[in-house]
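Worksheet: the structure to be examined is printed underneath.
Protein chains in written order, with my numbering: chain A, 5 to 168; chain B, 96 to 369.
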C-alpha cells in the first residue's frame, strides 16, 4: 500500500529594525510502505533544510528605517526628529524592549506602532529619551505577572537608570 | 522652604545605607545638591541611610506631583480630563501615599489635603501649558555617560519636556520664590537636566522652566523660565561632580552648620555625632 508523506520545513529569522523574514518549503512524496517513512523523512528534512538555509540568506528588500512608513498621514511626523550624534536609542534599551516583547508574547509591530503613536517614528528612530519613555509605557501596559516589584512591573526589569 | 519633589522621596525615606562604590556609580542632581548643602547630611541620608518619617509637606508634594504626571500623560493621549477626574486621581494618590508611607497627621490631614488640591486647582487655572499641547516626555528616566570627562554617569528624571524642548520641573513651595535666587539655588539641578536632555536627544533644550506651586493663603503659580545652560554652568556642574567624587572617596563628611540646620531632619543626629 502506497503511503503519502508530506513534510514542511520553515525557518523565521529576525532582521535589523524590528523586521523579520521567513522561508517555508513543503513537499509531498509517495513511499511504498510504512517501513520507508523514517528514512525518507530524514532525507527530505535534510534536503528541505539545506534548501531553506540557502534561500533565507538572501535578505532582499530592506526598508530605510529612518523614512520607511513615516509618510502615512498619521499626523505625528512633525514630532519625529532624528537623534544626533550618539543620542539614538541604545542597544541596552533595545534589549530591554525585546525582553518585554518576549516575556509578554507581543509583536514587535505592536511596539513599533506604540512608538509611532507616541513619537511619530518607529523604535529604531527614537532618541534615548524617547526610548526611555517608551520603556516606561511598556512597563505600564505590560506589568509582569507574579512579579515582586512595585506594582507597575518596573521593579522586575533591570531598568537603568533607576530612581535615586 | 522647597518641598522635595516626589521622585526624591523614596531615597530619603527608604532607609538602608549604600556603599561608597554604589554612590559613585551614578550621580543624581538631588544627591549633588545634598552634598553641596551639607556633607554630613549627605552621610546620614545616603551613606548611613537613616530613615525619617515622611513629612506632611512631602506627602502633599508627592500627591500633587502624581496628579501633574497624570495630567501630562493625558494630554499626550489627546485626553482632557475634567476637574472631577483630576480630583479623583488626587484622592487616589493621597491614599496610596498614605498606605505606603503613613504620615502622622494629628488632626491636620484634611486641611493639608485641601491645601494640595487648591494648589492643583490654581495650577490648572493658571498653567502656561495649553490643555491640548502634547509633551515630548513625561517623568522620564534619563542618563548621561560622562566617562569622557572622567566622571560617573549622571542620572535623573525629567518631570516634563514640552513640545519644542522646554524642560519643566514642578515644585511645591511654602513661600514665593525669587527668580534670581531660584536660578542660583537650583543651578545644579537645572544644569544637570540640561545635560541629560542634550545627551539623550542630541538637541539643546530651548529653556528650563520652574513651575512653583506656592502654598500661600491664596495659592499661586510662579513660573521662572531660565535660559539654556551656558558653558560655564556646565563646567561648574562638572567641578561639583569632581568634588563629590573626591569627597566620597575621602569619606569627607564635614558638617556645614548654618540657618538651614533648623529645618534639617538630621539635626539631632548631627548634634550628637562625633
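Think of the CB as a built atom: it goes at the ideal place given N, C-alpha and C, for glycine as much as any other residue.
Every value quoted in this text rests on a predicted model; they were computed, and no experiment measured them.
Among the options, nearest to residue i - alpha-carbon criterion
{"i": "residue 151(B)", "options": "247(B), 299(B), 231(B) and 205(B)", "result": "205(B)"}
{"i": "residue 91(A)", "options": "128(A), 29(A) and 34(A)", "result": "128(A)"}
{"i": "residue 291(B)", "options": "310(B), 297(B), 239(B) and 316(B)", "result": "239(B)"}
{"i": "residue 272(B)", "options": "247(B), 319(B) and 312(B)", "result": "319(B)"}
{"i": "residue 138(B)", "options": "195(B), 295(B), 302(B) and 115(B)", "result": "115(B)"}
{"i": "residue 64(A)", "options": "107(A), 27(A) and 53(A)", "result": "27(A)"}
{"i": "residue 161(B)", "options": "279(B), 293(B) and 182(B)", "result": "182(B)"}
{"i": "residue 112(B)", "options": "212(B), 140(B), 191(B) and 260(B)", "result": "140(B)"}
{"i": "residue 33(A)", "options": "124(A), 9(A) and 46(A)", "result": "9(A)"}
{"i": "residue 188(B)", "options": "117(B), 289(B), 163(B) and 336(B)", "result": "163(B)"}
{"i": "residue 279(B)", "options": "321(B), 296(B), 288(B) and 257(B)", "result": "321(B)"}
{"i": "residue 11(A)", "options": "17(A), 41(A) and 36(A)", "result": "41(A)"}
{"i": "residue 170(B)", "options": "208(B), 288(B), 342(B) and 256(B)", "result": "256(B)"}
{"i": "residue 219(B)", "options": "270(B), 344(B), 308(B) and 368(B)", "result": "308(B)"}
{"i": "residue 207(B)", "options": "147(B), 346(B) and 311(B)", "result": "311(B)"}
{"i": "residue 269(B)", "options": "227(B), 293(B) and 211(B)", "result": "211(B)"}
{"i": "residue 347(B)", "options": "195(B), 326(B) and 130(B)", "result": "130(B)"}
{"i": "residue 153(B)", "options": "167(B), 197(B) and 186(B)", "result": "197(B)"}
{"i": "residue 199(B)", "options": "147(B), 213(B) and 299(B)", "result": "147(B)"}
{"i": "residue 59(A)", "options": "144(A), 15(A) and 124(A)", "result": "15(A)"}
{"i": "residue 167(B)", "options": "179(B), 265(B) and 125(B)", "result": "265(B)"}
Residue(s) in a DSSP beta bridge with residue i
{"i": "residue 12(A)", "result": "30(A)"}
{"i": "residue 264(B)", "result": "305(B)"}
{"i": "residue 257(B)", "result": "261(B)"}
{"i": "residue 238(B)", "result": "250(B)"}
{"i": "residue 92(A)", "result": "131(A)"}
{"i": "residue 123(B)", "result": "250(B)"}
{"i": "residue 316(B)", "result": "308(B)"}
{"i": "residue 6(A)", "result": "Answer is none; residue 6(A) lacks a bridge partner."}
{"i": "residue 233(B)", "result": "255(B)"}
{"i": "residue 35(A)", "result": "7(A)"}
{"i": "residue 163(B)", "result": "Residue 163(B) pairs with nothing; no bridge assigned."}
{"i": "residue 321(B)", "result": "303(B)"}
Contact belief for residue i with residue j at Cβ below 8 Å, rounded distance in angstroms
{"i": "residue 351(B)", "j": "residue 133(B)", "result": "4 Å"}
{"i": "residue 140(A)", "j": "residue 126(A)", "result": "Incorrect: roughly 18 Å between the Cβ atoms, too far for contact."}
{"i": "residue 277(B)", "j": "residue 304(B)", "result": "Actually they are not in contact, since the Cβ atoms of residue 277(B) and residue 304(B) sit about 11 Å apart, beyond 8 Å."}
{"i": "residue 222(B)", "j": "residue 316(B)", "result": "7 Å"}
{"i": "residue 359(B)", "j": "residue 136(B)", "result": "6 Å"}
{"i": "residue 361(B)", "j": "residue 246(B)", "result": "In fact, because the Cβ distance is near 27 Å, the residues do not count as touching under 8 Å."}
{"i": "residue 49(A)", "j": "residue 104(A)", "result": "That pair is no contact at about 35 Å."}
{"i": "residue 130(A)", "j": "residue 93(A)", "result": "5 Å"}
{"i": "residue 100(A)", "j": "residue 118(A)", "result": "Contact doesn't hold; Cβ gap of about 14 Å is too wide."}
{"i": "residue 177(B)", "j": "residue 314(B)", "result": "Not confirmed; about 20 Å, so no contact."}
{"i": "residue 218(A)", "j": "residue 44(A)", "result": "With chain A running from 5 to 168 in the structure shown, residue 218(A) is simply not present."}
{"i": "residue 53(A)", "j": "residue 13(A)", "result": "6 Å"}
{"i": "residue 175(B)", "j": "residue 226(B)", "result": "5 Å"}
Contact check, residue i vs residue j, beta carbons under 8 Å
{"i": "residue 364(B)", "j": "residue 155(B)", "result": "no"}
{"i": "residue 253(B)", "j": "residue 241(B)", "result": "no"}
{"i": "residue 340(B)", "j": "residue 127(B)", "result": "no"}
{"i": "residue 159(B)", "j": "residue 215(B)", "result": "yes"}
{"i": "residue 301(B)", "j": "residue 274(B)", "result": "no"}
{"i": "residue 29(A)", "j": "residue 56(A)", "result": "yes"}
{"i": "residue 329(B)", "j": "residue 283(B)", "result": "no"}
{"i": "residue 251(B)", "j": "residue 237(B)", "result": "yes"}
{"i": "residue 157(B)", "j": "residue 192(B)", "result": "yes"}
{"i": "residue 61(B)", "j": "residue 122(B)", "result": "Residue coverage of chain B in this structure runs from 96 to 369, which leaves residue 61(B) outside it and unanswerable."}
Near the ligand PLP: residue i beta-carbon under 7 Å from a heavy atom
{"i": "residue 120(B)", "result": "The model depicted lacks the ligand PLP and carries no ligand whatsoever."}
Query raised in the report: Are the stretch 223–234 of chain B and the stretch 129–144 of chain A touching by the rule of at least three beta carbon pairs closer than 8 Å?
Result: yes
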